[in-house]
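Data block below; observations after.
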Amino acid sequence: MASPLREPQLDALMTFLAAARLGRYTAAAEVLGVNHSTVSRRIAALEEAMGGRLLVRTAAGWDITPLGRRALAVAERIEASVRELAEEGGAVQGMVRIAAPEAFTSVFLVPAMAALQARHPALAVELIAATQRVRQNRSGVDLEIVVGRPQVHRAYATPICDYALVLYATPAYLAREGTPTTIAELARHPLNYYIESSLQVDELDRAIQALPASPASIRSTSVFAHVEAAAAGAGIGLLPDFLGDADPRLVRVLDGVFSHPLGYWAVTRDEGPRNPVVAEALSAIREHIAALPGKG
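So the sequence shown is numbered by full-length UniProt numbering: it starts at 1 and just counts up by one.
Put into structure tokens, the structure is as follows:
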């Protein structure tokens with residue numbers, strides 16, 4: 001006769017919840033303030049108590065088993081109940097990790113999270129500024145903001161806002177080098193943009209496919225380097241319109257002739273929308289952008 005299963009401990013269940021959401025034991029350990037071995041030990045104890053594997057390693061990373069989804073549902077109900085007790089005064093607590101492109105992080109994400117944290121001082125926020133394609137597996141973030149509609153499995157994706165890549169230069173540069181009136185005339189002007197070999201986002205790569213080859217120019221992995229290169233008179237910058245229009249040093253080039261429309265999308269793993277902290281963060285981002293002129 002099989003021995004009765006030991007009752008799962010609450011700390012083991014909450015540890016599993018963190019690991020399931022973040023996809024890495026190390027990330028869960030950081031959030032919980034414990035070490036990697038503690039996370040591994042707790043999850044192993046929970047699997048022993050429940051009589052099977054909760055997480056399995058696949059080619060795409062950690063995946064949750066059917067038994068794990070049962071444990072996840074229980075853990076989320078407990079989390080919601082505990083949070084309900086703690087949030088009678090409207091407070092949200094815990095940690096949210098968000099990865100987003102550099103420009104989005106600085107212009108939209110930081111002020112949105114500052115406002116959210118002002119309302120909920122117990123909420124910790126970690127922002128990872130990175131312009132890259134969406135991750136195909138859980139990799140330590142709760143929410144990702146990416147350029148273009150993402151193609152990813154077992155994830156929830158929703159549009160956040162639209163923008164465009166537009167050409168900008170200083171009046172002094174245009175007076176010195178001439179103002180191009182056609183796309184073909186751009187061939188005489190250095191184009192400040194991303195380093196082609198390091199560009200990971202297809203939508204950003206497509207933006208320059210309609211433009212002629214550029215003379216030697218300043219290229220960078222940082223969008224703010226593109227802005228500063230254009231502002232320093234080093235050529236024409238291909239910039240997000242919300243950065244270029246806001247910079248008094250720059251004017252549009254070929255306005256009405258060239259513009260590459262893009263959009264930001266938010267991506268969460270399948271557990272993400274049920275995480276109240278992630279839901280609050282996503283709501284705060286939407287509210288902040290909707291309140292901006294021309295974005296609402």
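The C-beta atom is built at its ideal place from N, Cα and C for all residues, glycine as well.
Cβ pair Gly-233, Ala-169 closer than 9 Å: yes
For Leu-239, the nearest candidate out of Phe-224, Ile-218, Arg-249 (CA to CA): Phe-224
With 16 other Cβ atoms within 10 Å as the buried cut-off, status of Arg-138: With a pLDDT of 49 at Arg-138, under the threshold of 50, the predicted position of this residue should be treated as unreliable, and no value is reported.
Buried or exposed by the 16-neighbour rule on C-beta atoms within 10 Å, applied to Glu-48: exposed
Spatial distance of Phe-242 from Ser-37 (CA atoms): 45 Å
Selection from Gly-178, Leu-143, Leu-254, Asp-245 that minimises the alpha carbon distance to Ala-266: Leu-143
Residue burial classification, Leu-109 (beta-carbon count within 10 angstroms, cutoff 16): buried
Contact belief for Ile-218 with Gly-235 at Cβ below 8 Å, rounded distance in angstroms: 7 Å
His-189 versus Glu-203, Val-253, Ala-100, residue with shortest Cα-Cα distance: Val-253
Nearest neighbour of Thr-158, chosen from Arg-21, Thr-26, Ala-19, Ile-285 [CA to CA]: Ile-285
Where the alpha helix (DSSP H) through Pro-240 begins and ends: Where Pro-240 is concerned, there is no enclosing alpha helix (DSSP H), although the beta strand (DSSP E) it sits in stretches over 236-240.
Host beta strand (DSSP E) of Thr-182 (start-end): Note, Thr-182: premise wrong, no beta strand (DSSP E); not H, not E.
Three-state class that DSSP yields for Ile-78 in the structure shown: helix
Per-residue burial, Ile-128 [other beta carbons within 10 Å of its own, 16 or more giving buried]: exposed
Straight-line Cα distance separating His-120 from Thr-26: 26 Å
His-260 versus Leu-32, Val-166, Ala-45, residue with shortest Cα-Cα distance: Val-166
Buried or exposed (CB count within 10 angstroms, at least 16 for buried), Ala-122: exposed
Rounded straight-line distance, which links the Cα of Ile-98 to that of Ser-106: 13 Å
Endpoints, the alpha helix (DSSP H) within which Arg-41 is located: 36-50
Distance between beta carbons of Leu-72 and Leu-22, contact taken as under 8 Å: Incorrect: roughly 13 Å between the Cβ atoms, too far for contact.
Top-ranked residue by Cα proximity to Glu-79, from Met-113, Ala-231, Asn-275: Asn-275
Given Ser-222 as reference, the closest of Asn-192, Ala-291, Ala-210 once Cα atoms are compared: Asn-192
Run of the alpha helix (DSSP H) containing Leu-32, from where it starts to where it stops: 25-32
Spatially closest choice to Asp-255 from Ala-20, Met-95, Glu-280, Pro-180, by CA coordinates: Pro-180
Length of the line joining the Cα atoms of Gly-68 and Val-147: 32 Å
Boundaries of the beta strand (DSSP E) in which Val-147 is found, first to last residue: 143-147
Beta-carbon proximity check, Val-96 vs Glu-76, cutoff 9 Å: no
Three-state secondary structure (DSSP) of Asp-245: coil
Same chain, Cβ closer than 8 Å to Phe-258, neighbours up to 5 away in sequence not counted: Val-166, Leu-167, Ile-183, Ala-210, Leu-211
Backbone secondary structure at Gly-68 - three-state DSSP: helix
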